[in-house]
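Numbering (the working numbering), first residue to last: 674 to 959.
For every residue, glycine included, the Cβ atom is placed at its ideal position computed from N, Cα and C.
Here's the structure, in structure tokens; my notes come after.
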């Protein structure tokens, strides 16, 4: 059995956390190696499975990534998560589908590509602060937080972007600064562990590269069950999913369900790496 652990050019050897998967899988007679998803010399048919891990530039190469997904699908190579899930999850309008399934999401306006962006016409009047970002994005790419009173400046800044990309406009919740964002991580649809992430003072971005502060947490049973219900909306196998949201009054307001290349925070939960490897084994040998 040979598995390719998909990564990108700036992380050719995977992150240190994901590198640990290679010796762990070797214990089960699985040869795993890091492979750059858009490297021209890769012979994809050499692999029995591909696992999406550190493809952290896919949103910067939208056309190439979509073409590559089509190629892998045509070759019939099995992937975890599946290509169908990746295709659904890479564009954040999937949140609208989740909202239609009675899942509570962060208040969001979905803006389809337009040559005439007019935030004043679509932003709810009671919002004080908002976040705008592309629907095909990750890691705070082209993301801005702004006071609604200053929307005209942002409107001008995003005119060109709106003509090229679908956008999300979301209400900024002050809880992100005080309580932080929670990530609940599931392997093979089973809850594994959770991490709380807070931005540094004066910032809104929770990513560690922007100074975000992370800590392991144990959510309430009610919050875990809400996240479980979100994960259960996926009809097919799901090696991993990270449910990101803000907890308000013990209820999740969903921000994202990360099914492409999320950090799984192995170093914040003892045994999580082994649980992940066991989930891989369950799915490839079922």
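**Asked** In three-state DSSP terms, what is residue 852?
**Response** In the three-state scheme derived from DSSP, where H, G and I count as helix and E and B as strand, residue 852 is classed as coil.
**Prompt:** DSSP three-state call for residue 689: helix, strand or coil?
**Reply:** In the structure shown, residue 689 adopts helical secondary structure according to DSSP, grouped into three states.
**residue 674 in three-state terms, based on DSSP** = The answer is coil: DSSP assigns residue 674 none of H, G, I, E or B.
**Request:** Evaluate residue 934 with the Cβ neighbour count: other Cβ atoms within 10 Å of its Cβ, from every protein chain shown; 16 or more gives buried, anything less gives exposed.
**Result:** It is buried - the Cβ of residue 934 has at least 16 other Cβ atoms within 10 Å.
**Stretch-stretch touch, CB-based, cutoff 8 Å, three pairs: the stretch 782 to 793 with the stretch 829 to 844** = Judged by pairs of C-beta atoms under 8 Å, the stretch 782 to 793 touches the stretch 829 to 844, as three or more such pairs exist.
**Item:** Beta carbon of residue 699 nearer than 9 Å to that of residue 680
**Value:** The answer is no: Cβ separation not under 9 Å.
**Asked** Grouping DSSP H, G and I as helix and E and B as strand, with all else coil, what is residue 913?
**Response** Strand.
**Message:** Using 8 Å as the cut-off, can you tell me whether the stretch 826 to 836 makes contact with the stretch 915 to 933, which would need three or more C-beta pairs spanning the two stretches below that distance?
**Reply:** The stretch 826 to 836 is not in contact with the stretch 915 to 933.
**Request:** Identify whether residue 898 lies in helix, strand or coil by the three-state DSSP scheme.
**Result:** Three-state result, residue 898: helix.
**Asked** Exposed or buried, what is residue 769 when buried is set at 16 or more other beta-carbons lying within 10 Å of its beta-carbon?
**Response** Classification of residue 769: exposed, given that the 10 Å Cβ count is below 16.
**Request:** Could you pull the start and end residues of the beta strand (DSSP E) that residue 726 belongs to?
**Result:** Here the beta strand (DSSP E) through residue 726 covers 722 to 727.
**Asked** residue 872 to residue 702, Cα distance in whole Å?
**Response** For residue 872 and residue 702, the distance between alpha carbons rounds to 41 Å.
**Request:** Give the single residue among 718, 684, 766 whose Cα lies nearest to the Cα of residue 731.
**Result:** Checking every option, the nearest Cα to that of residue 731 belongs to 684.
**Prompt:** Starting from residue 930 and walking both ways along the beta strand (DSSP E), at which residues does that stretch end?
**Reply:** Residue 930: member of the beta strand (DSSP E) spanning 924 to 931, first to last residue.
**Item:** Contact belief for residue 733 with residue 950 at Cβ below 8 Å, rounded distance in angstroms
**Value:** With a Cβ gap of about 30 Å, residue 733 and residue 950 do not count as contacting.
**CB-CB length for residue 926 against residue 777, believed under 8 Å** = Cβ-Cβ separation between residue 926 and residue 777: approximately 6 Å, consistent with a contact (criterion under 8 Å).
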